[in-house]
Structure formats: structure tokens, C-alpha cells
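The numbers in the working numbering rise by one with no breaks, and the one at position 194 of the sequence shown is 194. Every residue, glycine too, gets a C-beta built ideally from N, C-alpha and C. Since this is a predicted model, take the numbers as computed values, not measurements.
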Amino acid sequence: MVPPPAKRRLGYFVARVTAEITVGSIGIALFASGLGANQHFLDRHFVPSFLIPRHWYVALETSIRLGMVILGGLLVFIARPHVGRFSARAPLRVLQFVVAAALAIGASELALRHVHLGPAEWLMPNEEPRRQPDPQLGWTWVPARSGNKSVGGRVVNYAIDSAGYRVDHAGAPVDFERPTILFTGESVMFGEGLTWQESVPAQVGAMLSIQSANLAVHGYGNDQAYLRLKKELPHFRRPAAVVSLFMTSLFGRNLDGNRPHLGPGLVWMPAEQRSRLGLLAKLLVPFRTEATMERGAMITHEVFCATSDLAKARRAIPLLVVVQFDDEGEAEEALRHTILDESCIPYIVVKIDSSWRLPWDRHPDARASHAIAAAIAAELRERISRERSSE
1 MVPPPAKRRL GYFVARVTAE ITVGSIGIAL FASGLGANQH FLDRHFVPSF
51 LIPRHWYVAL ETSIRLGMVI LGGLLVFIAR PHVGRFSARA PLRVLQFVVA
101 AALAIGASEL ALRHVHLGPA EWLMPNEEPR RQPDPQLGWT WVPARSGNKS
151 VGGRVVNYAI DSAGYRVDHA GAPVDFERPT ILFTGESVMF GEGLTWQESV
201 PAQVGAMLSI QSANLAVHGY GNDQAYLRLK KELPHFRRPA AVVSLFMTSL
251 FGRNLDGNRP HLGPGLVWMP AEQRSRLGLL AKLLVPFRTE ATMERGAMIT
301 HEVFCATSDL AKARRAIPLL VVVQFDDEGE AEEALRHTIL DESCIPYIVV
351 KIDSSWRLPW DRHPDARASH AIAAAIAAEL RERISRERSS E
């Protein structure tokens, strides 16, 4: 039988070794991850950001890697022996800390489940233009509404007609009987921070003397834009063209499953039910596996092919505009080619001066919007001319 003093010493030893192994393992994992996560690895697992310029993004990633290496070294060489000695002296106190942390995590998860959290693109319910829930799309605009918003140092009016499209003013709804160019997308195509006249759809319509219908909704992924087009296109008697938008810096939205989305084969899928703490962690550290990236690229490819088919079925011209603000990195170029090469839809690349953005905002300013509109109008004008000459 082990004498009580010996048993206590054995317990202290086990507590110290367990604590040191745990802290040391965490430190080694941080140290190894910081060293091993080179830029090539990060580019494969973190999608480009629309809100942060690439050089800032790379600097942030490098800083985090350096911090992980330093923290890992501190845990292994400094914190580990201190934690081990403390665990040997007060094993019950350590156990209390562990239990308290586990209970705090559980309580946080339960508390967050009672808080309504919309998608990251819809965190401010009273922001203009107002959104409303939609069972198939996730959210759409509140129809027949006009509201103001301060963006980039000026107040901009957003008018939404009864069909849920952005228009010049509430008294000028889209006419379904007229020839129309339909525009799908998100806040860039919608014209965030821009007047109606400065938005891409309005400018293209003016350049080609044809009505435009702005179907874009803030925060949409390309699958949501496609679903909205599929729902709205039958209302138009004479659709002339369908213009969609793609930016590699917005590709991450196509990977979000916490909203209604499309799976392989363009099968509609409801929002995934995930841990609230997991969603917050994903928002802070948007790590994606290679399988997730490949699956997202494949579905996006399918979406653009289906968009082209929808347009052609109504004898409308399909066109995809690819907007680039900064020079493409190798990862972004590879992503674009994977999605768009042989994607069944013709596309044009519009390169924009990186400084042509709204003040204190990353959205295109009026100069960028005009450049995008001019490129679209020129391409559609040429396509229309070629089709007429071939008849």
C-alpha cells in the first residue's frame, strides 16, 4: 500500500507533468504553425478580402505568424515550467480554472443562441436600404421604400420600387414591358455610396438608351444573385441582356453556409445550423480547407453557366464583368481561371485604379463606376452589332 505522503507526491508529479505536457504541446503547435504557414499556404486557405488591401492582408498574416512563433516559444520555455510548478502546488485550483473555462464557453454558446445573429452582410437591421428576410434568398430589399444613408461624407438616397429593384425615385418603377438590361450582383453593382445616376446600371442604360433593372442586393454571393435572377427574369417581356459581376475579393461569400445557398448541381440548401461561437471564430479567422475552396469554385462555375443559360433561353445577351482594383496575385489569378475559363459565359475584365474608392470605404467611387459602365456598354454594343450583322 502506498503511504499517504508518497501518494501525494505522486499526485503532484502527475499534475505537474500533465500541465507541462499540455502547455508545451500548445506552445509547440503555435510555434510550428507560425513557421509552417508560409504565404503560399495562406493564399490557399484564406480567400482575398474586399475590405482589406492585399498588402495589408499579407502584413497582418505575417504579424500573426510572428506572434504565434513568439507566443509558442514563451509557452514552451517560460510558461510551461511555471504552470507545472503551480499545478503541483495547487492541482484543485487548476481543475477549478479548467471547469470554469468549460462552463463559460458553454454559457456563452447558450447565451448567443438567444441572440438573433444575421449573416455578416446584414448585422445592422436599420441600415438603408432596409432588408427583409426571404426564405429562399436569405434576404431582399423592403419594397416600395426610399431612405437616406451617409456614405463617404455625403448623403445618398436609395429608392426601391414595388418589385424590390433600385430605381431613380419611388415614382419611377421598372416597366416590365420595355426592353431591359438586367443587372445582378451585390453592393458594387447596386451602387453603394453612389446616386442612382452614378450607379453602373443607370449609366449603362443611359449610354445604350435602354431601360436598366438593378436586381443587386447587398451582401449577396453569386449563387444568391443567380437565384434572384431566376426568380425575376420571367417578369420581363423583352430582356435584352443579363449582366453579372464577379470579384475574386468577394469569392469568400460563395463559401458561406450560414445562409440559404446552392450546393453541387445547384441544389438549393437551407442555412446550416452551426455553433454560434464557431461562427464568430470563422468570422475572425476565415480559414478554409482546400476541399471547401475547390467545392466553392466548382459551384460558382456552375452558377455562371446556369446564368448564361437563363439569359439565352430568353434571347438575352449574357455578360459577366470581372472587376479588379489591385494587381492580381498568383492565387487570385489561379482562382479566376479555375472559375471562369470555359465557364459558358463571356466575360470582360475591367481594371480599376486602386485609389478610385469612396472615402473611408472600399466601394467603387463615381470614377470607377463610370469606367465599369463604359466597358459594359462598349461590350454590349459590339455584341449587339455582331448579332445583327449575322442575321
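- The beta carbon of Y220 is closer than 6 Å to those of E186 in its chain, skipping five residues each way along the sequence.
- In the displayed model, N258 falls within coil according to three-state DSSP, outside both helix and strand.
- Here A331 has D43 as same chain residues with Cβ atoms under 6 Å from its own Cβ, once five neighbours each way along the sequence are excluded.
- Uninterrupted beta strand (DSSP E) stretches at least 3 residues long and entirely within the region 186-257 occur at 211-214, 238-246, given in chain order.
- S275 and K282 have their C-alpha atoms spaced approximately 10 Å apart.
- Ranking G257, T195, G193, T184 by CA distance to the CA of A213 puts T184 first.
- Secondary structure note for F304: its alpha helix (DSSP H) is the uninterrupted segment 290-313.
- Among the bridge pairs identified by DSSP, T62 is matched with none.
- Buried is the label assigned to P48, since at least 16 other Cβ atoms lie within 10 Å of its Cβ.
- Under the 8 Å Cβ criterion, the region 154-168 does not count as touching the region 239-248, having fewer than three qualifying pairs.
- Closest by C-alpha distance to M269, out of R336, R357, G138, is G138.
- Contact annotation: L229 and T140 have beta-carbon atoms that are not nearer than 8 Å.
- L42: not part of any beta strand (DSSP E); member of the alpha helix (DSSP H) spanning 39-45, first to last residue.
- Excluding the 5 residues flanking it on each side, T195 has same chain C-beta neighbours closer than 8 Å at V156, N157, in chain order.
- The Cβ atoms of R237 and F190 lie no closer than 8 Å to each other.
- In the structure shown, the three-state DSSP call for G329 is coil.
- Cα atoms of S150 and L284: separation of roughly 27 Å, rounded to the nearest angstrom.
- Residue pairing by DSSP places K351 opposite Q324 in a beta bridge.
- DSSP places G138 in the strand class (E or B) of the three-state scheme.
- Distance check between L35 and each of T18, R16, L71 places L71 closest, using alpha-carbon atoms only.
- Here L51 carries a coil assignment [DSSP, helix/strand/coil].
- Three or more beta-carbon pairs separated by less than 8 Å are not found between the region 290-302 and the region 20-35, which leaves the two stretches without contact.
- The alpha-carbon of G205 is positioned some 5 Å away from that of Q211.
- No Cβ-Cβ contact shorter than 8 Å links L358 with T248.
- No Cβ-Cβ contact shorter than 8 Å links S146 with A163.
- In the three-state reduction of the DSSP assignment, S150 falls in the strand class, which pools E and B.
- Here the alpha carbon of G106 sits roughly 51 Å from the alpha carbon of A373.
- For V267, the enclosing beta strand (DSSP E) stretches over residues 267-269.
- The beta carbon of A375 is closer than 8 Å to those of V321, I348, V350 in its chain, skipping five residues each way along the sequence.
- Here D161 has P143, A144, V167, A170, A172, P173, V174 as same chain residues with Cβ atoms under 8 Å from its own Cβ, once five neighbours each way along the sequence are excluded.
- For P260 against Q136, the beta-carbon gap comes to about 6 Å, under 8 Å, which counts as contact.
- With contacts defined as CB atoms closer than 8 Å, L310 and P346 fail to qualify as a contacting pair.
- Just so you know, the alpha carbons of Y165 and E290 end up roughly 36 Å apart.
- DSSP, reduced to helix, strand and coil, places L340 within a helical segment of the structure shown.
- In the DSSP assignment, P179 falls outside any alpha helix (DSSP H) and within the unbroken beta strand (DSSP E) covering 179-183.
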